[in-house]
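Please read the structure below before turning to the comments.
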Amino acid sequence: MEKLVVRGGKRLCGEVTISGAKNAAVAIIPAALLVDGICIVENVPAIKDVAVICSILEELGAKIDFLDKYTIKIDCSNVNKYTAPYEKVRKMRASYYLLGALLGRVKKADVALPGGCNFGSRPIDQHLKGFKALGAKVSDDPEIEKSGIVYAATDGLVGTNVYLDVVSVGATINVMLAATLARGTTIIENVAKEPHIVDVANFLNAMGANIKGAGTDVIRIHGVDKLHGGTYSIIPDQIEAGTFMVAAAATGGDILVKNVIPKHMESVSAKLEETGATVKEFDDSIRVIGTGTIKPVNIKTLPYPGFPTDMQPQFVSLLAAADGTSIVTESVWESRFQYVDELMRMGADITVCNRTATIKGTGLCGTQVRATDLRGGAGMVIAGLMADGETTITDIQYIDRGYENMEEKFRNLGADINRVNDTRIDN
Ligand code: EPZ
């Protein structure tokens, strides 16, 4: 097992280039199942979740070639299977996109309930609601709970109106995937508006789909007979960008974050300015200059364009060293503060009550901590960059799911951070 060793106290300065968006890539790659031709997808992040979803597609019969480290060629012409490999599906949340894509492509899907970070129950009832509305027969909830497998089949999907009871990124994308080749028009209301949802719609339209309204509250999909091949480049990762922006504020540093879309970062930029950092926006980059002190702020996570839940742990780590008390409310996930116990091992003074964390700023001391999940792991790195002494972070496989070469990018900014083999005896 590997671990990260961070020695805090260094001001991070310099430039960092952001990779392609994980949550766009893990949806666009399965979306290629709908394409009757060859897709070239550029700016794909080199992260574990991409490797897993590519491996699943290959087991379904897709041919995937890496034209270079960040460009993949996907040919799904010979896909005729509909049972996704259980063990791989369980490794990541985004595997649920296989349901919508396989239903749309081969009219059947047999996919295990997804894995992914543990934030309490992560139901997919809204995904299934959309599939049923389009005319699919779906295994009922009790069966899902027992077998952990979702079966879905249809003689042919027919466009309809779907009102999502919950604003859900996954359900919005999954119903859009299933509706792309359905007969007739589908209108999905109360949809999520994250940038990666717009990116998936733009990818599908580049392949000949007819999808309008992504990024607004209503998405209209006019079903088409088939999708042709083409080339598409994935947007930059707003959460990776936000993580490095927070690191600049956390270390009193000065970082130019390159290959970003500033509009996607608005809520993060605004919150960082409230903490006292200076944020300068350019066409495709953002410069963040920390002052060495951090003002306390209050945050409530919301669906886009609100403050992103995926930036919550990184900000709580920043606020753990603020000059005062901050309150952070997690309104998207029922339980997304598991990492706080690890922060408290570093001396943080945080009280969690249900979905609200009260953070009294104090100094942090390095010690041994673990990554409890993907963004919680990123929060541990932020805390280690600020802490006195050495912080060792284990279970970093979570971090590798969503960040490409995180320690190398931080080292290039002046951080004292290294990946080492964890010689602990695995008990
Ligand atoms: C996506 O998860 C992201 N993952 C998450 O990012 C992110 O935290 C989340 O969206 C919110 O932005 C991927 O894109 C792979 P949701 P998803 O469906 O789609 C409830 C990261 O760090 N809900 O928008 O699973 C759900 O319980 C990861 O990159 C239902 O009730 O999230 C939650 O409370 C972590 N029924 C809320 O909606 C459903 O059918 C939002 O979930 C679906 C969701």
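Count along the sequence shown starting at 1, add 1, and that's the number in my numbering.
Even for Gly, the Cβ is constructed at its ideal location relative to N, Cα and C.
Once DSSP output is grouped into helix, strand and coil, what is the label at residue i?
| i | result |
| --- | --- |
| Leu-35 | helix |
| Ala-153 | strand |
| Gly-378 | helix |
| Ser-96 | helix |
| Ala-179 | helix |
| Asp-229 | First, the residue type needs correcting, since residue 229 is His and not Asp in the sequence shown. Three-state DSSP puts His-229 in coil, outside helix and strand. |
| Arg-91 | coil |
| Leu-135 | coil |
| Gly-254 | coil |
| Asn-203 | helix |
| Gln-127 | helix |
| Glu-195 | coil |
| Gly-224 | coil |
| Thr-398 | Residue 398 is actually Gln in this sequence, not Thr. Reduced to three states, the DSSP call for Gln-398 is helix. |
| Lys-264 | helix |
| Gln-339 | coil |
| Asn-24 | helix |
| Ile-212 | strand |
| Asn-428 | Unreliable positioning characterises Asn-428 in this predicted model, as indicated by a pLDDT of 43, which lies under 50. A coordinate reading is not provided. |
| Leu-103 | helix |
Tell me the rounded alpha-carbon separation between residue i and residue j.
| i | j | result |
| --- | --- | --- |
| Asn-191 | Gly-367 | 44 Å |
| Glu-275 | Arg-376 | 22 Å |
| Ile-418 | Thr-392 | 9 Å |
| Lys-89 | Ala-372 | 21 Å |
| Leu-320 | Asp-285 | 27 Å |
| Asn-175 | Asp-166 | 15 Å |
| Glu-241 | Asp-37 | 32 Å |
| Asn-355 | Thr-330 | 9 Å |
| Val-27 | Ile-57 | 11 Å |
| Pro-309 | Val-317 | 13 Å |
| Ile-383 | Gly-209 | 42 Å |
| Arg-221 | Ile-212 | 6 Å |
| Leu-68 | Lys-74 | 7 Å |
| Asn-44 | Thr-232 | 11 Å |
| Thr-186 | Lys-64 | 31 Å |
| Leu-414 | Ala-251 | 13 Å |
| Ala-113 | Pro-124 | 13 Å |
| Pro-304 | Gln-127 | 16 Å |
| Lys-259 | Ile-198 | 22 Å |
| Asn-428 | Leu-103 | Reliability fails at Asn-428, whose pLDDT of 43 lies under 50, so the model's placement of it is uncertain and the value that follows must be treated cautiously. For Asn-428 and Leu-103, the distance between alpha carbons rounds to 40 Å. |
| Gly-62 | Ser-78 | 8 Å |
| Glu-3 | Val-333 | 31 Å |
| Asp-423 | Val-341 | 23 Å |
| Gly-9 | Leu-257 | 20 Å |
| Tyr-83 | Glu-59 | 12 Å |
| Ile-262 | Val-42 | 19 Å |
| Met-93 | Pro-115 | 6 Å |
With a threshold of 6 Å on Cβ separation, who are the neighbours of residue i within its own chain once the five nearest residues in sequence on each side are excluded?
| i | result |
| --- | --- |
| Lys-133 | Val-139 |
| Ala-323 | Ile-295, Pro-297, Gly-362 |
| Cys-40 | Ala-33, Ile-75, Gly-230 |
| Gly-101 | Asn-175, Leu-178, Ala-179 |
| Thr-279 | Ile-290 |
| Gly-254 | Arg-12, Leu-13, Cys-14, Gly-291 |
Who are the near neighbours of residue i in its chain, counting only those whose CB is closer than 8 Å to its CB and skipping five residues on each side?
| i | result |
| --- | --- |
| Gly-307 | Ser-268, Lys-301 |
| Ala-47 | Ser-20, Lys-70, Tyr-71, Glu-405, Asn-406 |
| Val-168 | Asn-191, Val-192, Ala-193, Pro-304 |
| Arg-184 | Gly-157, Leu-158, Val-159, Gly-160, Gly-224 |
| Leu-228 | Leu-35, Val-36, Asp-37, Gly-38, Thr-181, Leu-182, Leu-205, Met-208, Gly-209, Ala-210 |
For residue i, I'd like the list of residues in its chain whose CB is within less than 7 Å of its CB, leaving aside the five on either flank, ordered along the chain.
| i | result |
| --- | --- |
| Glu-343 | Val-370, Arg-371, Thr-373, Met-381 |
| Tyr-87 | Ala-113 |
| Lys-49 | Asp-401, Arg-402 |
Does the count of Cβ pairs from the segment 330-342 and the segment 294-314 closer than 8 Å reach three?
Touching, yes, given that three or more Cβ pairs across the two stretches are closer than 8 Å.
Practice problem: Answer yes if the segment 13-20 comes into contact with the segment 193-204, meaning at least three C-beta pairs across the two stretches below 8 Å, and no otherwise. | Solution: Cβ pair count under 8 Å is below three, so no.
Notebook entry, point to check: How about the segment 169-183 and the segment 94-111: do they share at least three Cβ pairs that are nearer than 8 Å?
Noted result: Touching, yes, given that three or more Cβ pairs across the two stretches are closer than 8 Å.
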